[in-house]
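Numbers 114 to 401, taken from this note's numbering, label the letters of the sequence shown in order.
Have a look at the structure below, then the notes.
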Amino acid sequence: MSMLRGGLIQMSLKGSTDQSPEEIRQAMIEAHLPYIADAAKQGVQVLCFQEVFTQPYFCPSQDTKWYAAAEKIPDGPTTQLMCELAAKYKMVIVVPIYEEDITGVYYNTAAVIDADGTYLGKYRKTHIPQVSGFWEKFFFKPGASNWPVFETQYCKLGVYICYDRHFPEGWRALALNGAEYIVNPSATVAGVSEYIWKLEQPASAVANGCYIGAINRVGREQPWDIGEFYGQSYFVNPRGVIEKQASRDQDELIVHDMDMDMVREARNNWQFFRDRRPSTYTRLTDGN
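Written as structure tokens, this is what we have:
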């Protein structure tokens, strides 16, 4: 049996939104370091943080102050630090941060670092919402990453970010590209979202025969207070069973062993990939 030990970290905002993005970044990094060390102590092989983990979820605003939160990938300070920690702890780390491509062009991105500290590449959030409280198009350009799957030392890893999870096409594309484990770093608040939080990812895990690690932040963030980030990060298996779940309102690292043989077993049992009919799906890609 092939086991993969995953880790997910959910966290509340440290510091105040009155501070500069750099001060908040430092506070969030410092808060994460003990959890990263604990993950290493527990033998975590693949670790993921929440969406834009170094900052508040600033999209309820339309304040250009937050452009200063964006960093280069892989040459920015957060990615470089995580490369050092990945090598030190022999751990794959998925690093969701605000990315600056060029001045004025910013993405919601996750860098993927292998267990020897090698930067493998990045995924840029594909689907960008623009609704009350989630004015993301003000801050993020839609990504077009072509569904990369990262051949890490421990597994074939995919990334899908927050709002992406509502679009089944991307889960399928990642699975068809070989992903066995997909992480979904998020920032989502109580309300309609909370019910489907435990519906969509399990359904996607079943449809694609893969494990999914879903990560949400916790707490309320002022001055916007758009609702409670309700935590409940979890691991779900290819049969749609949530195997381990974090608390609703606490900073927390959850660690879980995933039986990766279940991926092959589920795909051989259901044969969804064999029975697909792509030639009949042109309505999905005809531009309407």
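For glycine and all other residues, C-beta sits at the position ideal for the given N, C-alpha and C.
In the DSSP assignment, K269 falls within the beta strand (DSSP E) that extends over K269 to V272. With fewer than 16 other Cβ atoms inside 10 Å of its own Cβ, Q155 counts as exposed. If only uninterrupted alpha helix (DSSP H) runs of at least 4 residues are considered, those enclosed by the stretch 283-345 are 305-310 and 313-321.
In this structure the stretch 177-185 does not touch the stretch 338-355; the number of beta carbon pairs closer than 8 Å is below three. The stretch 166-175 makes no contact with the stretch 193-200: fewer than 3 CB pairs, one atom from each, lie closer than 8 Å. When the Cα atoms are used, N329 and T265 turn out to be separated by approximately 23 Å. Around the beta carbon of V165, a 10 Å sphere encloses 16 or more other beta carbons of the protein chains shown; the residue is thus reported as buried. A contact is defined here as three or more CB-CB pairs under 8 Å, and the stretch 136-151 fails this definition with respect to the stretch 263-279.
Residue range V205 to I215 is occupied by the beta strand (DSSP E) that includes P209, with no alpha helix (DSSP H) assigned at that position.
Per the DSSP secondary-structure output, R237 pairs in a beta bridge with T222. Partner residues in the beta bridge of K357, as assigned by DSSP, are F348. Residue pairing by DSSP places I149 in no beta bridge whatsoever. A distance below 6 Å between beta-carbons, with the five flanking residues on each side excluded, links R237 to the following residues of its chain, in chain order: Y220, T222, G256 and S258.
In its chain, beyond the 5 residues on either side, L121, Q123, G344, Q345, S346, Y347, E365 and I367 have a beta carbon closer than 8 Å to the beta carbon of A359. In terms of Cβ geometry, M204 and A144 do not form a close pair [threshold 8 Å]. Beta-bridge partners assigned by DSSP to R118: D370.
The Cβ atoms of I210 and T191 sit closer than 8 Å to each other.
Pairing D227 with Q163, the inter-Cα distance amounts to about 18 Å. Contact check for V296 against I339 fails: the beta carbons are separated by 8 Å or more.
Rounded to the nearest whole angstrom, the CA to CA distance from D362 to P391 is 42 Å. M116 counts as exposed, since fewer than 16 other beta carbons sit within 10 angstroms of its beta carbon.
At a Cβ-Cβ threshold of 8 Å, Q243 and R278 do not count as neighbours. Secondary structure at E264: strand, using DSSP grouped into helix, strand and coil.
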